[in-house]
Amino acid sequence: MKALSVAHGFCIRTGTSTQGVTRSVCRYVFLFILSAVAPWVVAGNDAADIRFLNDIPLHTEADNVPDVEEQWSLRTPEARDVRNVTRATLTPLLPAPGKATGAAVIVAPGGGFLMLSIDSEGYQVARWLAQHGIAAFVLKYRTRTTAEDPEVFQQQLMDLMSNVPTEKPLDATAEAVVDGQAAVRLVRERAAEWGVDPDRVGFAGFSAGAMTAIGVALQDDEGSRPNFIAPVYPPMMSRTVPGYAPPMFLAIALDDPLFAEGKSLGLIDAWRKTGKPVEAHLYTTGGHGFGMQGNSKASAQWIHQFYGWMDDQRLLTRQAATSGSGHRGYSVAGSSIGELVDNPATKAVLDQHVPDITNSRYLRMIRGQTLSGLQAQAGDSLSDEVLAAIQADLDLLDGSGRTP
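Quick note on my numbering: the sequence shown kicks off at 525 and runs consecutively.
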């Protein structure tokens, strides 16, 4: 007999009373609700302005992947955390057709490499960027293994925060940097499909994610180095910065107890010595981890200031978004099901080939997916032949969904 209970962070657990064993079942339905429908959790009323695509595995993990279960929890009704990430993924949030600027930003949440604040420092940021014409990509990078028990994990987190070095530069984990490099390469490889200029790919990160952004930027590998970075509340001590480092936007509160209060701000001068553009916003108050909302009126403006800086750097020159099917604008891999259903001409194509999808009672649940991404779950009804036929008909339409 199994008994259900709600544990810390609303993580559902099930216990087998006859064996006295408790094991996590934060997967299947619950994991689907928390992770698979991530776009709708943060979409609000503006989801129609964004194309949410499926999580893309980065395949950076080694052969000896830790045997732990990815755990999701709710910190607030609008903010989830995830830990014990063993397989990195990248989730695209693309601007609506006609709104894209061609710029792209990879977003790396923070969490001390023990967890990821996947919403407040991930999806919420990416949504704002996509609504403003910037293709955004949430990076779920690998984290260190933590205890399954929530109370033990909280102690691990407290121990980490109480032992932050202040004298030497803090570096991202090797795994996070590798995942970040893979994300940059992937965005550039699929730039045409996603309407992105491969020479305008940036990397924003928060706390540990900011360390990851800096770590990726300092690698001597042009193909995986971003064109600009935006570390938000990073460690601020000075460090050696090579001449090939990209331009940097930085934001931090001076009362940040981890990285600014009573500490050196040498990172700014170290970056300035490269001669690359640097913009630094130092807020009087805001603390650490203010995310999208900010803990003060000034710190809440950081993303608007970031957008203004990108505009000043001429990173937001508007251009027509393209997709994997070329100039026509619609593809089974690059257009979301919601986008195709909302356009009468493209919906007619789906009605002809896959009426079970357009008439499905679960359509809202799959609007953010692409047809290619849905293929693994749909079986024979979305075979390679069916997708090819759909693509052929989509290619007959112009960018507005009309037959030329």
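Backbone N, C-alpha and C define an ideal beta-carbon position, used for all residues, glycine too.
Computed from a predicted structure; not experimentally measured.
Backbone CA spacing between K623 and P674 [nearest angstrom]: Stepping through the sequence shown from its first residue, residue 623 is reached at position 99. Stepping through the sequence shown from its first residue, residue 674 is reached at position 150. Taking the straight line joining both Cα atoms gives about 43 angstroms.
Separation of N883 from S748, as counted between CA atoms: Counting from 1 along the sequence shown, the entry for residue 748 is found at position 224. Counting from 1 along the sequence shown, the entry for residue 883 is found at position 359. Computed Cα separation, rounded: 42 angstroms.
9 angstroms Cβ cutoff met for I574 and P619: Stepping through the sequence shown from its first residue, residue 574 is reached at position 50. Stepping through the sequence shown from its first residue, residue 619 is reached at position 95. Going by C-beta atoms, I574 is nearer than 9 angstroms to P619.
Proximity test, L918 beta-carbon vs the ligand ADP heavy atom, cut-off 8 angstroms: With respect to small molecules bound, the structure shown includes none, and the ligand ADP cannot be examined in it.
Where K797 falls, given that 16 or more other Cβ within 10 Å makes a residue buried: On the sequence shown, position 273 is the one that residue 797 refers to. Looking at its Cβ environment, which holds fewer than 16 other Cβ atoms inside 10 Å, K797 is exposed.
6 angstroms CB neighbourhood of E645 in its chain, flanking five on each side removed: Within the sequence shown, numbered from 1, the residue matching residue 645 stands at position 121. The residues are P633, G634, F730 and G815.
Where Y831 sits in the DSSP three-state scheme: Within the sequence shown, numbered from 1, the residue matching residue 831 stands at position 307. In this structure, Y831 counts as helix in the three-state DSSP scheme.
Residue burial classification, E746 (beta-carbon count within 10 angstroms, cutoff 16): Within the sequence shown, residue 746 is the residue found at index 222, counting from 1. It is exposed - the Cβ of E746 has fewer than 16 other Cβ atoms within 10 Å.
Sequence-distant residues of its chain with Cβ nearer than 8 angstroms to R668 (five each side left out): For the purposes of this step, residue 668 is taken as the residue at position 144 of the sequence shown. Counting only Cβ-Cβ distances below 8 angstroms, and skipping sequence neighbours, we find F637, L638 and T697.
Buried or exposed (CB count within 10 angstroms, at least 16 for buried), S896: To locate residue 896, count along the sequence shown from 1; it is residue 372. Per the 10 Å Cβ criterion, buried.
Cα-Cα separation between D703 and H812, rounded to whole angstroms: Position 179 of the sequence shown holds residue 703. Position 288 of the sequence shown holds residue 812. Spanning the two alpha carbons is a distance of roughly 24 angstroms.
Endpoints, beta strand (DSSP E) assigned at I753: Here residue 753 is taken as the residue at index 229 of the sequence shown, counted from 1. First-last of the beta strand (DSSP E) with I753: F752 to V756.
Which residues DSSP lists as bridging F661, in chain order: Sequence index remark: in the sequence shown, residue 661 carries index 137 (1-based). F661 pairs with P616 and I630.
I574: first and last residue of the uninterrupted beta strand (DSSP E) it sits in: By 1-based counting over the sequence shown, the position of residue 574 is 50. Where I574 is concerned, the enclosing beta strand (DSSP E) stretches over I574 to F576.
Close-in-space but distant-in-sequence residues of the same chain around V629 (CB under 6 angstroms, 5 per side omitted): Along the sequence shown, read from residue 1 onward, the residue named residue 629 stands at position 105. Cβ within range, chain order: L653, I658, A660, G726 and A728.
Inter-residue Cα distance where the pair is Q876 and A734: On the sequence shown, residue 876 is found 352 positions in, with the first residue counted as 1. On the sequence shown, residue 734 is found 210 positions in, with the first residue counted as 1. Going by the C-alpha atoms only, they are around 47 angstroms apart.
As assigned by DSSP and simplified to three states, the class of R749: One-based indexing of the sequence shown puts residue 749 at position 225. The answer is coil: DSSP assigns R749 none of H, G, I, E or B.
8 angstroms CB neighbourhood of L911 in its chain, flanking five on each side removed: Along the sequence shown, read from residue 1 onward, the residue named residue 911 stands at position 387. Answer for L911: V856, L895, S896 and Q899, listed in chain order.
Separation of T670 from T809, as counted between CA atoms: If you number the sequence shown from 1, residue 809 lands on position 285. If you number the sequence shown from 1, residue 670 lands on position 146. Between T809 and T670, the C-alpha separation is close to 31 angstroms.
The stretch 598-612 / the stretch 777-790 touching (three or more Cβ pairs under 8 angstroms): no
C-alpha gap between N608 and D591, whole angstroms: Counting from 1 along the sequence shown, the entry for residue 608 is found at position 84. Counting from 1 along the sequence shown, the entry for residue 591 is found at position 67. Approximately 10 angstroms, taken between the alpha carbons.
Sufficient close CB pairs (3 or more, under 8 angstroms) joining the stretch 786-797 to the stretch 820-835: no
Span separating the alpha-carbon of P758 from that of Q595: Looking up residue 758 in the sequence shown gives position 234. Looking up residue 595 in the sequence shown gives position 71. Those two C-alpha atoms are separated by around 25 angstroms.
Chain-order list of residues whose beta-carbon lies under 6 angstroms from that of V773 (same chain, five-residue window excluded): For the purposes of this step, residue 773 is identified with residue 249 of the sequence shown, where counting begins at 1. The sequence given here places Phe at residue 773; Val does not occur at that position. Cβ within range, chain order: A754, E803, F830 and W833.
Beta-carbon gap between V701 and V740 smaller than 9 angstroms: Here residue 701 refers to the residue found at position 177 of the sequence shown. Here residue 740 refers to the residue found at position 216 of the sequence shown. The answer is yes: Cβ separation under 9 angstroms.
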